[in-house]
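Notes for the one structure printed next.
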Amino acid sequence: MRPEAAQAWTQLYAAVGLLAAICAVCALIKTVYEVRSHAVEFRCATTLQKLLCLPRIWLHFQLSYFCGFPCILGIALLYAHYIGFTAFNPS
Numbered sequence: 157m158r159p160e161a162a163q164a165w166t167q168l169y170a171a172v173g174l175l176a177a178i179c180a181v182c183a184l185i186k187t188v189y190e191v192r193s194h195a196v197e198f199r200c201a202t203t204l205q206k207l208l209c210l211p212r213i214w215l216h217f218q219l220s221y222f223c224g225f226p227c228i229l230g231i232a233l234l235y236a237h238y239i240g241f242t243a244f245n246p247s
C-alpha cells in the first residue's frame, strides 16, 4: 500500500471515530435530558422495574445515536471527496 493511501485511510478513520464520539456524547446528553425532563416515561417503582428500565434507556440511547448516523456518513463522504477518492486506492 502506498504511504499516501495509508495516510488517507488513517485520516478518514480518525475523522469518523471523532464524529462517532461526538454523536455518542450528543445522544447521551439527549437521553439524559429526556429522562430527567420526563419526556420519556419509564416506570421504575420496584427493583425489578428498575432493572428492566436499563435496557429501555439503552434502546432509547441507541435510537438517538442512530439518528446521527446519516450526518456521520455524509460528513465522511464529504471528507473523502475533499481528500480525493483516488488517494484511497491502495495500488
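Take 157 as the starting number for the sequence shown in my numbering and just add one per residue. Just so it is clear, CB atoms sit at the ideal spot from N, CA and C, and this is done for glycine as well. Please read all numbers here as calculations on a predicted model, not as lab measurements.
Report, in whole angstroms, the separation of the C-beta atoms of residue i and residue j, which I expect to be a contact under 8 Å.
{"i": "glutamate 160", "j": "alanine 243", "result": "6 Å"}
{"i": "methionine 157", "j": "proline 246", "result": "4 Å"}
{"i": "alanine 232", "j": "alanine 171", "result": "7 Å"}
Classify residue i as buried or exposed, calling it buried when 16 or more other Cβ atoms lie within 10 Å of its own Cβ.
{"i": "leucine 175", "result": "buried"}
{"i": "tyrosine 221", "result": "buried"}
{"i": "threonine 187", "result": "buried"}
{"i": "alanine 162", "result": "exposed"}
{"i": "alanine 164", "result": "buried"}
Helix, strand or coil for residue i, going by three-state DSSP, please let me know.
{"i": "alanine 183", "result": "helix"}
{"i": "threonine 202", "result": "coil"}
{"i": "glycine 240", "result": "coil"}
{"i": "proline 138", "result": "What is shown of the chain runs 157 to 247, which leaves residue 138 out entirely."}
{"i": "valine 172", "result": "helix"}
{"i": "glycine 230", "result": "helix"}
{"i": "histidine 216", "result": "helix"}
{"i": "alanine 195", "result": "coil"}
Counting only beta-carbon atoms, is residue i nearer than 7 Å to chain B?
{"i": "alanine 243", "result": "Of the protein chains in the structure, only one exists, and it is not chain B."}
>> Does the segment 209 to 218 come into contact with the segment 180 to 188, if we say contact requires no fewer than three beta-carbon pairs (one atom in each stretch) closer than 8 Å?
In response: Yes: the two stretches touch, three or more of their Cβ pairs being nearer than 8 Å.
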